[in-house]
Every structure is written in C-alpha cells, then in structure tokens.
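*Asks:* I have a structure I would like to understand better, so I am pasting it below and will then ask my questions one at a time.
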C-alpha cells in the first residue's frame with residue numbers, strides 16, 4: 006500500500022499527516038482498519 010492509498014483510507018488532506026501513521030506497523034494498521042470497518046460482521050452484530 007502506498008502513502009496516497011493510506012491517506013485516502015484515513016481521510017487525511019495532507020500526506021504529511023499520513024506519514025506520522027505510516028511509521029506504525031502497516032500490518033497492525035490494516036488489522037485495526039479491518040476490525041473497525043462498518044461491513045465487518047462483528048460490527049454488524051454490535052449494531
């Protein structure tokens with residue numbers, strides 16, 4: 006995943022903001038995104 010894709014996912018207007026988060030482990034970030042995604046089955050059960 007490149008920085009512009011991550012920027013879009015996180016909703017940042019500046020790539021500089023995204024770079025702060027890009028320093029984190031990308032696997033952990035993907036896992037967190039997947040868990041919190043509105044179409045995640047677990048989230049549908051909570052709603």
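Numbering (this note's numbering), first residue to last: 6 to 52.
For glycine and all other residues, C-beta sits at the position ideal for the given N, C-alpha and C.
A quick note: this is a predicted structure, and the numbers were derived from the prediction, not measured.
1) Exposed or buried, what is residue 23 when buried is set at 16 or more other beta-carbons lying within 10 Å of its beta-carbon?
2) Is it buried or exposed, residue 36, if we count other Cβ atoms within 10 angstroms and call 16 or more buried?
3) For residue 9, does the three-state DSSP call read helix, strand or coil?
4) Taking residue 31 and residue 20 to be in contact with their CB atoms under 8 Å, please state how far apart those CB atoms are, rounded to whole angstroms.
5) Can you tell me whether residue 20 is helix, strand or coil according to DSSP?
*Replies:* Taking the coordinates as given:
1) For this step, residue 23 is matched to residue 18 along the chain shown. Taking all protein chains in view, the Cβ of residue 23 is crowded by 16 or more other Cβ atoms within 10 Å, so the residue is classified as buried.
2) Here the question's residue 36 lines up with position 31 in the chain shown. When all chains shown are included, residue 36 counts as exposed.
3) Here the question's residue 9 lines up with position 4 in the chain shown. Note: residue 9 maps to helix in three-state DSSP.
4) As a first step, residue 31 must be located in the chain shown, where it is residue number 26. As a first step, residue 20 must be located in the chain shown, where it is residue number 15. That belief does not hold up - the Cβ atoms of residue 31 and residue 20 are roughly 15 Å apart, past 8 Å.
5) Here residue 20 is taken as the residue at index 15 of the chain shown, counted from 1. Shown here, residue 20 sits in a helix according to DSSP, grouped into three states.
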